[in-house]
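Trainee: Quick note on numbering: my numbering labels position 63 of the sequence shown as 139, and the sequence is numbered without any gaps. Cβ atoms here follow ideal geometry from the backbone N, Cα and C, with glycine treated the same way.
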Amino acid sequence: EICRRIASKCHVSRKCANAEVLPFLRVIFEGNPKMAAGIAKWLDLSEDMIRFIVGDRRKAKEIVKYMRK
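1. Looking only at its chain, what residues have a beta carbon closer than 7 angstroms to the beta carbon of residue 86, apart from the 5 residues adjacent to it on each side?
2. Quick check on residue 99: buried or exposed, where buried means 16 or more other Cβ atoms within 10 Å of its Cβ?
3. Under a three-way DSSP split, which group does residue 88 fall into?
4. CB residue 129 to CB residue 105, shorter than 9 angstroms?
5. In the DSSP assignment, find the unbroken alpha helix (DSSP H) run with residue 132 in it and report its ends.
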């Protein structure tokens, strides 16, 4: 589902989204919660999807907090 959303918004295949875009998103989501919130909003990601990308429940909650501002 995450790769489908990335593929749709970025006009790439799901395979490309998984192999080339998702790794960059992981770095952004781990290091810059404000930017991650903007990207997550744009991709319309749920908190569970954000948690999957970032791999940390606390960091995911921080990103969601920025999304609500």
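Mentor: Walking through what the data contain:
1. As a first step, residue 86 must be located in the sequence shown, where it is residue number 10. Hits under 7 angstroms: 93 and 97.
2. As a first step, residue 99 is located in the sequence shown; it is residue number 23 there, counting from the start. The residue is exposed, with fewer than 16 neighbouring Cβ atoms inside 10 Å.
3. The residue labelled residue 88 in the question sits at position 12 within the sequence shown. Reduced to three states, the DSSP call for residue 88 is coil.
4. As a position in the sequence shown, residue 129 is number 53, starting the count at 1. As a position in the sequence shown, residue 105 is number 29, starting the count at 1. Yes, these two residues count as a Cβ contact at 9 angstroms.
5. Position 56 of the sequence shown, counted from the first residue, corresponds to residue 132. That residue, residue 132, is in no alpha helix (DSSP H); it is neither H nor E in DSSP.
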